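For reference, the structure discussed in these notes is given below.
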Amino acid sequence: MAQFDFLVIGSGIAGLSYAAKLARHFEGNEAVSIAVITKVQADETNTKYAQGGIAAVWAEGDTFEKHIDDTMDAGDGINKRNIVEIVVTEGPERIQELIDYGTRFDKESDGDYDLAKEGGHSDHRILHFKDITGYEIERALLEEVKRHKNIQIFTHYYAVELITQHHLGETVYRYREDIKCFGAYVLDLKTGAVEKFLAKTTLVATGGIGNIYQSTTNPTIATGDGIAMAYRSKGICDNMEFIQFHPTSLFQPGKKPSFLISEAVRGFGGILKHADGSTFMEFYDDRLSLAPRDIVARAIDSEMKTHGVEHVYLDVRHLDYEKFLEHFPNINQYCLNIGIDVRRDMIPVVPAQHYMCGGIKVDEWGKTNIQFLYAAGECSATGLHGANRLASNSLLEAAVFGHRAYLDTVEHYEKAVIPEGIPEWDDSGTTHPEEQVLVTEMTRELNSIMSNYVGIVRTNRRMKRAYDRLQLLHEEHEQLYRESKVSVAICELRNMITVSYLVLKMAMARRENVGLHYNLDNIKPEKATAVMPLI
């Protein structure tokens with residue numbers, strides 16, 4: 001058993017910035033302990049793979065109101081405006097903190113920051129470092145965290161379940177708000193043992209859910225673990241139907257994760273085309289290739305189906321190659337490695353799952369409905385994104401809510417009391433499964449269900465078929481889970497089934513087409529499907 005004051009599950013920008021701020025707050029107090037756990041190495045996070053940048057009002061002439069309006073417009077107006085205002089107005093200060101930690105952003109020759117413009121933005125406000133901005137932020141934050149002696153980073157530790165009162169035999173609560181979190185059961189991947197990590201306060205910062213789909217830009221660790229754990233603990237989840245598909249992942253059939261061709265490439269002047277050089281975005285939106293991602297992704301999906309092609313192209317041949325190389329060296333080199341010279345070849349692109357706009361519902365301080373449990377980053381539903389995330393707002397949200405969760409934590413953590421008698425993990429009567437092929441095949445089936453029936457464009461019939469198949473998959477896996485010693489593969493599949501169900505449930509309940517949710521049958525509201533029963 002290990003006991004800490006603060007437990008952080010996940011080591012991306014939200015989790016690390018939260019831990020760093022706690023450590024600074026308690027500087028010199030060695031009695032205060034902070035644990036950060038990650039199921040692989042500390043830098044393997046969704047943050048690391050963010051190419052484009054982080055959005056903030058930085059340039060002269062740009063305004064908070066313009067950034068707020070752009071965010072509301074991209075989110076189809078169902079964003080929580082007060083949250084949008086908080087994130088936009090507090091964002092520059094949080095970015096300055098990242099700079100103070102050592103994060104580098106590209107500058108012009110005169111020393112001013114080189115601000116990019118991306119789809120849905122009305123001004124140049126994207127701070128970036130080449131085309132590996134997330135990697136640079138992750139590097140700086142890890143260096144900052146490692147400076148603090150009261151932070152312990154546990155790599156190759158996998159959170160299995162959150163610990164709440166039901167582990168003490170309490171299974172009935174008058175209100176969901178009566179539930180308290182006391183840490184998590186954690187699998188040590190080196191020993192295979194499940195340990196208790198008790199904590200006064202827990203932050204879930206586990207990233208997204210991309211691997212429920214066949215094609216995703218997310219790393220393989222993005223399996224919805226935090227969302228699924230919170231849901232099983234009676235945490236409230238929201239807006240799970242809003243799955244953002246990045247319009248331009250590199251077309252490489254069978255490769256997972258998909259290589260991302262950043263939004264910033266279109267902001268830099270890249271144009272979407274067909275193989276014959278003809279353009280098509282003028283038929284969908286006046287902003288052409290710089291329209292918000294939901295519009296561009298549906299446009300590409302429509303063009304692919306209409307013309308019977310597997311992909312479209314992004315043309316950058318007309319751009320200044322030296323400047324392109326300066327801004328996108330990683331993208332340029334990757335393309336060269338597979339035989340694409342962007343000076344003479346168009347880049348084949350196709351939409352791929354990219355971001356989860358919903359997640360664990362939190363308030364303006366990152367608090368969930370479960371006491372002493374916070375969530376931040378992609379696994380949370382703050383209300384910032386509404387029905388569709390504006391490009392480069394995700395790293396901004398994570399930084400702002402990592403900070404706000406920290407502020408609330410130091411105000412309330414001392415009220416937490418960890419009860420006696422929390423039991424050890426009980427896996428008596430279970431065995432190691434003999435065949436990993438069961439998990440592999442169920443994962444493949446889950447990917448097929450979600451990609452074919454709950455993708456960019458949906459219908460009631462497709463979603464009903466998905467629900468029927470998902471129900472059978474859930475029952476089959478639950479039997480396997482009950483009989484087996486826990487492993488990452490089995491637990492990840494369990495979590496992916498859970499979050500797939502949440503995506504599907506909320507998609508079937510959504511009666512109007514808004515943002516990233518597009519159901520062909522919702523054109524006629526009377527055909528909308530009723531809300532499904534809970535699994």
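Note that our numbering numbers the sequence shown so that position 466 is 466, with each residue one more than the last. Even for Gly, the Cβ is constructed at its ideal location relative to N, Cα and C. Just so you know, these numbers come straight off a predicted model, no measurement behind them.
Could you tell me which of the options sits nearest to residue i, measuring between CA atoms?
| i | options | result |
| --- | --- | --- |
| Asn-330 | Phe-259, Ile-236 and Thr-498 | Phe-259 |
| Lys-505 | Phe-242, Glu-93, Gly-267 and Ile-179 | Phe-242 |
| Ile-340 | Leu-314, Val-362, Val-145 and Ala-55 | Leu-314 |
| Phe-182 | Leu-127, Leu-162, Ala-391 and Lys-273 | Leu-162 |
| Lys-234 | Ile-360, Asp-276, Glu-93 and Tyr-467 | Ile-360 |
| Thr-216 | Pro-247, Asp-188, Trp-425 and Thr-201 | Pro-247 |
| Gly-383 | Lys-80, Asp-73, Gly-61 and Ala-42 | Lys-80 |
| Gly-91 | Ala-56, Asp-123 and Arg-125 | Ala-56 |
| Lys-130 | Gln-51, Gln-152, Glu-93 and Ile-153 | Gln-51 |
| Cys-335 | Ala-381, His-307 and Ile-347 | Ile-347 |
| Cys-357 | Asp-238, Asn-211, Tyr-135 and Glu-97 | Asp-238 |
| Gly-366 | Asp-301, Ala-399 and Arg-266 | Ala-399 |
| His-432 | Gln-3, His-307 and Arg-482 | Arg-482 |
| Pro-257 | Arg-266, Leu-290 and Ala-222 | Ala-222 |
| Tyr-231 | Asn-522, Leu-516, Arg-511 and Ser-500 | Ser-500 |
| Ile-523 | Tyr-467, Thr-459 and Ile-497 | Thr-459 |
| Ala-375 | Gly-15, Val-312 and Arg-444 | Gly-15 |
| Ile-13 | Thr-45, Ser-487, Ile-86 and Phe-328 | Thr-45 |
| Ser-278 | His-307, Thr-191, Val-88 and Pro-253 | His-307 |
| Gly-402 | Asp-426, Ala-275 and Ile-95 | Ile-95 |
| Glu-30 | Asn-150, Lys-146, Gly-134 and Asp-73 | Asn-150 |
| Gly-269 | Asp-320, Met-304 and Lys-305 | Asp-320 |
| Asp-536 | Gly-28, Glu-65 and Gly-192 | Nothing in the structure corresponds to residue 536, since the chain is present only between 1 and 535. |
Over what stretch of residues does the alpha helix (DSSP H) that includes residue i continue unbroken?
| i | result |
| --- | --- |
| Val-399 | Looking at the sequence shown, residue 399 is not Val but Ala. Unbroken alpha helix (DSSP H) run through Ala-399: 394-412. |
| Pro-92 | 81-101 |
| Phe-324 | 321-327 |
| Tyr-231 | 225-232 |
| Thr-133 | 133-146 |
| Ile-13 | 13-25 |
| Arg-266 | 263-267 |
Taking C-beta to C-beta, are residue i and residue j nearer than 8 Å?
| i | j | result |
| --- | --- | --- |
| Ile-456 | Lys-196 | no |
| Cys-491 | Val-160 | yes |
| His-148 | Ala-35 | no |
| Leu-203 | Ile-9 | yes |
| Thr-540 | Val-84 | The first residue shown for the chain is 1 and the last is 535, placing residue 540 beyond what the model contains. |
| Val-590 | Arg-317 | Residue coverage of the chain in this structure runs from 1 to 535, which leaves residue 590 outside it and unanswerable. |
| Gly-379 | Thr-206 | Sequence inspection shows Cys at residue 379; the Gly mentioned does not correspond to that position. Yes. Within cutoff. |
| Leu-502 | Met-240 | yes |
| Asp-76 | Val-514 | yes |
| Val-309 | His-156 | no |
| Ala-391 | His-121 | yes |
| Leu-480 | Leu-520 | no |
| Ala-42 | Leu-142 | yes |
| Met-442 | His-477 | yes |
| Gly-449 | Leu-472 | The sequence given here has Ile at residue 449, not Gly. Not a contact, by the Cβ cut-off of 8 Å. |
| Gly-119 | Leu-290 | yes |
| Asp-294 | Pro-351 | no |
| Lys-180 | Ile-370 | yes |
| Lys-107 | Tyr-113 | yes |
| Thr-409 | Ser-484 | no |
| Pro-219 | Ala-74 | no |
| Val-145 | Ala-19 | yes |
| Tyr-158 | Val-488 | yes |
| Gln-152 | Ser-451 | no |
Pull up the CB-CB distance for residue i and residue j, whole angstroms please, since I reckon it's below 8 Å.
| i | j | result |
| --- | --- | --- |
| Phe-372 | Ala-416 | 5 Å |
| Ala-228 | Asn-495 | 4 Å |
| Ser-249 | Ile-236 | With 8 Å as the limit, Ser-249 and Ile-236 do not qualify as a contact, their Cβ atoms being about 31 Å apart. |
| Ile-126 | Ala-140 | Not quite, the Cβ-Cβ distance comes to about 18 Å (not below 8 Å), so this is no contact. |
| Phe-245 | Gln-353 | 6 Å |
| Ile-37 | Phe-154 | 4 Å |
| Leu-198 | Ile-137 | Wrong, their Cβ atoms sit about 30 Å apart, outside the cutoff. |
Hey, could you find the ends of the beta strand (DSSP E) residue i is sitting in?
| i | result |
| --- | --- |
| Lys-361 | 359-361 |
| Cys-181 | 181-188 |
| Ala-2 | 2-9 |
| Thr-202 | 194-204 |
| Ala-375 | 373-375 |
| Ile-243 | 243-250 |
| Ala-159 | 157-164 |
Review point. Which residue spans inside the stretch 33-79 form an unbroken alpha helix (DSSP H) run of at least 4?
Key: 64-74
Practice item. Identify every run of the alpha helix (DSSP H) within the stretch 274-360, keeping only runs that are complete inside it and at least 4 residues long; order them along the chain. Key: 293-307, 321-327 and 329-337
Exercise for review: List in chain order: all unbroken alpha helix (DSSP H) runs of 4+ residues lying wholly within the stretch 417-493.
Suggested key: 437-453 and 460-483
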